[in-house]
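Protein chains in written order, with my numbering: chain A, 1 to 284; chain B, 285 to 551.
All residues carry an ideal CB built from backbone N, CA and C; glycine is no exception.
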Ligand SMILES: Nc1ncnc2c1ncn2[C@@H]1O[C@H](COP(=O)(O)OP(=O)(O)OP(=O)(O)O)[C@@H](O)[C@H]1O
Ligand SMILES: [Mg+2]
């Protein structure tokens, strides 16, 4: 069970005078159960890449395999792919359309052709997962706050019970608390249900805190790909392409340069705190 | 997918035609169209063809882009050629079958008609290919400014036009995004009967309208915040001024029109 991108390229406006090569021979594999962070500066092709993973965009070149089967084969069912690979777009709240929250969340499972009972059960579960209790069910989605709308939209995708969940900057424009709540929920889904998660983010702190593996996009290429500690060790290269490592990484590296005995693969504040305390303990 | 629709189909490059004042191009196109209706013999059409070819060369737009505009009106072209071919009365009958007959006059007229339509479409495509929609509305606003005297709200009309033009690509992009988001939730727009398909549009139209209204109020607010209060006493950041090249173009077109009238009279 994996998604494999084989040498895919995508050109917007192919054949027109304003061609834009948004993806440039990208090859990568997304195995089951990983929590992957996809980072890259604006316009590096992150959103373009993830839209290939559920077949919304068709690669200009290259092939994508889902569980070993080409998704571009005649016999491949896009519908089943879209139910297995759930994609939450940037600013997903703009896609809400129903008169109340509950019905909107039912839209996805209904499209899967399920019966009424399981549809309602899934919608309820999904809303619980994003922390919206039954009191919100009959509220019009347009009366909710931005963060609440975002949750409804995420629930709309979760209700389809995807095996792979892809989130395109789910926390853009949210306050720190709303951001933590949503990411904690996603991390919980990953932990407890073994869901594969791809998180597109601009926040290195968020990425460092949650993900196992990082893919760095740069001008349509997958520039770096590896365990998150490994990738943040290359913080100079990250800076060259307009990104950065989490702020603690810089402190740690500065400390190490001053001769402080500390490991240089620390990326979260919690780890840093423990490591610094340990090192100080050694000294005294 | 939906993004492939182009409106106003501007072809970006740098050429004399691109740099001309939009008013010059509007008048030039008008003169060219008028000249096509004056044209009544072979020499006139030859002159128009040479003139058009020259303009196309000057514009640096690939011929394929200009010809592309013809595809859309192919049917219209065929119908009008057909009518002229079969329904023109004349002396010299060339072919006769059943109730139809093709006369020499009919053939001639059909051929001229086809040429006239093709030139007309190529000429006006050339204008839209070399002028951005915004320049075009600017040109119309300034060019038709005299209508303000008779209380035609030219500024408001031009503003509405340019806002509408500006919003078309935005709304297309938005539609594309919403469609994809609903497809990611399993929506299906391609199969089903008519009623099912109409119903499938609701998840697109509702968010689209909401976003259009949101954008409209945002824009109104932003315009008001910058003290927009209609066209009265409003100056432009880039006022349209005629340059030497525009004057030359006017002269060239006047000469062209005169030549056309002369050719039509003499022969
Ligand atoms: N629909 C489109 N039509 C034409 N070009 C596009 C379209 N969408 C994206 N692009 C271009 O493709 C490139 C990659 O865009 P993409 O949206 O994938 O970037 P991104 O990494 O998601 O950026 P961001 O962090 O801003 O969301 C950009 O140069 C962009 O201008
Ligand atoms: Mg993006």
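Item to complete: Find the nearest neighbour of residue 289/A within the set 221/A, 110/A, 143/A and 209/A, judged by alpha-carbon distance.
Response: Past the edges of chain A, shown from 1 to 284, lies residue 289/A, and the structure says nothing about it.
Fill in: Beta carbon of residue 347/B nearer than 8 Å to that of residue 340/B
Yes, the pair counts as a contact, with Cβ atoms nearer than the cut-off.
Worksheet entry | residue 374/B versus 391/B, 363/B, 358/B and 360/B, residue with shortest Cα-Cα distance | In terms of CA proximity to residue 374/B, 391/B leads the group 391/B, 363/B, 358/B and 360/B.
Practice prompt. Report all residues from its chain with a CB closer than 7 Å to the CB of residue 377/B; omit the five preceding and five following residues, and keep chain order.
Written response: Hits under 7 Å: 385 and 387.
Discussion item. If distances are taken between C-alpha atoms only, which option among 29/A, 2/A and 13/A comes closest to residue 222/A?
Written reply: Nearest Cα to residue 222/A within the set 29/A, 2/A and 13/A: 29/A.
Worksheet item: Are the C-beta atoms of residue 102/A and some chain B residue less than 8 Å apart?
Response: No, its Cβ sits nowhere closer than 8 Å to a Cβ of chain B.
Discussion item. Does residue 31/A come out as helix, strand or coil in the three-state DSSP assignment?
Written reply: For residue 31/A, the three-state secondary structure derived from DSSP is strand.
Discussion item. Please list the terminal residues of the continuous beta strand (DSSP E) segment that includes residue 377/B.
Written reply: Run containing residue 377/B: 377–381, per the beta strand (DSSP E) assignment.
Practice prompt. Scan the segment 392–418 of chain B and note each continuous beta strand (DSSP E) run of 3 residues or more that stays entirely inside, going in chain order.
Written response: For the segment 392–418 of chain B, not a single whole beta strand (DSSP E) run of length 3 or above is found.
Worksheet item: Which residues does DSSP pair with residue 12/A in a beta bridge?
Response: In DSSP, residue 12/A forms a bridge with 20/A.
Worksheet item: How many whole angstroms separate the CB atoms of residue 166/A and residue 50/A, which I take to be in contact at a CB cut-off of 8 Å?
Response: With a contact defined as Cβ atoms closer than 8 Å, residue 166/A and residue 50/A qualify at about 5 Å.
Item to complete: Go through the segment 315–386 of chain B residue by residue and report every complete run of the beta strand (DSSP E) that reaches 3 residues or more, in order.
Response: Counting only runs of 3 or more, we get 377–381.
Discussion item. Quick check: is the beta carbon of residue 10/A nearer than 8 Å to any beta carbon in chain B?
Written reply: With 8 Å as the cut-off, residue 10/A does not count as an interface residue toward chain B.
Discussion item. Excluding the 5 residues flanking residue 426/B on each side, which residues of the same chain have their C-beta closer than 7 Å to its C-beta?
Written reply: If we look at residue 426/B and ignore the five residues flanking it on each side, its Cβ neighbours are 307 and 524.
Worksheet item: What span of residues does the alpha helix (DSSP H) with residue 166/A cover, start to end?
Response: For residue 166/A, no alpha helix (DSSP H) run applies; the uninterrupted beta strand (DSSP E) run containing it begins and ends at 164–168, by DSSP.
Worksheet item: Within the present structure, is the beta-carbon of residue 90/A separated from the nearest heavy atom of ligand 2 by less than 7 Å?
Response: Because some heavy atom of ligand 2 lies under 7 Å away, the Cβ of residue 90/A counts as near it: yes.
Worksheet entry | Span of the alpha helix (DSSP H) around residue 111/A | It spans 101–111 - the alpha helix (DSSP H) in which residue 111/A sits, taken as one unbroken run.
Worksheet entry | Which of helix, strand or coil DSSP assigns to residue 267/A | It is coil, neither helix nor strand.
Worksheet item: For residue 216/A, which three-state DSSP category applies?
Response: Of the three classes helix, strand and coil, the one that applies to residue 216/A here is strand, per DSSP.
Worksheet entry | Extent of the continuous alpha helix (DSSP H) to which residue 136/A belongs | Where residue 136/A is concerned, there is no enclosing alpha helix (DSSP H), given that its DSSP letter is neither H nor E.
Item to complete: Tell me, please, whether the CB atom of residue 120/A is closer than 8 Å to any CB atom in chain B?
Response: It does not; no Cβ of chain B falls within 8 Å.
Practice prompt. May I ask you to report which of helix, strand or coil DSSP gives residue 517/B?
Written response: Residue 517/B falls in the coil class under three-state DSSP.
Item to complete: Following the continuous alpha helix (DSSP H) through residue 66/A, name the residue where it begins and the one where it ends.
Response: Element bounds for residue 66/A: not the alpha helix (DSSP H) but the beta strand (DSSP E), 61–66.
Worksheet item: Which residues in the same chain as residue 280/A place their Cβ atom closer than 6 Å to its Cβ, once the five residues preceding and following it in sequence are excluded?
Response: Here the set comprises nothing.
Fill in: Boundaries (first-last residue) of the beta strand (DSSP E) holding residue 45/A
Element bounds for residue 45/A: n/a, residue is neither H nor E.
Item to complete: Per DSSP, which residues does residue 6/A bridge with? Please list them.
Response: Secondary-structure assignment with DSSP links residue 6/A through a beta bridge to 63/A.
Worksheet entry | Proximity of residue 141/A and residue 197/A at Cβ, strictly below 8 Å | The Cβ-Cβ distance between residue 141/A and residue 197/A does not fall below 8 Å.
Worksheet entry | Bridge-paired residues (DSSP) for residue 155/A | In the DSSP output, where bridge partners are listed per residue, residue 155/A has none listed.
Fill in: Any non-hydrogen atom of ligand 2 within 7 Å of residue 47/A CB
Checking the 7 Å criterion, the Cβ of residue 47/A is within range of a heavy atom belonging to ligand 2.
Fill in: Short Cβ contact (8 Å threshold) for residue 272/A with residue 252/A
The answer is yes: Cβ separation under 8 Å.
Worksheet item: From which residue to which residue does the beta strand (DSSP E) around residue 225/A run?
Response: From DSSP, the beta strand (DSSP E) with residue 225/A extends over 221–227.
Item to complete: Using a Cβ-Cβ cut-off of less than 8 Å, list which residues of the segment 73–84 of chain A approach chain B; keep chain order.
Response: Listed by position along the chain: 79, 82 and 83.
Discussion item. Residues of the segment 42–61 of chain A in Cβ contact with chain B at a cutoff of 8 Å, in chain order, please.
Written reply: For the segment 42–61 of chain A, which is checked against every Cβ of chain B, the residues closer than 8 Å are 51, 54 and 56.
Worksheet entry | Neighbour-count burial assignment, residue 291/B, 16 or more Cβ in a 10 Å radius | Since pLDDT at residue 291/B reaches only 47, below the 50 mark, its modelled position is unreliable, and the value read off the structure follows with that caveat. Under a 10 Å Cβ-count criterion, residue 291/B is classified as exposed, with fewer than 16 other Cβ atoms of the shown protein chains found around its own Cβ.
Practice prompt. Pick helix, strand or coil for residue 498/B, following the three-state DSSP scheme.
Written response: Residue 498/B falls in the helix class under three-state DSSP.
Worksheet entry | residue 56/A: first and last residue of the uninterrupted alpha helix (DSSP H) it sits in | Per DSSP, residue 56/A lies in no alpha helix (DSSP H) segment and is marked neither H nor E.
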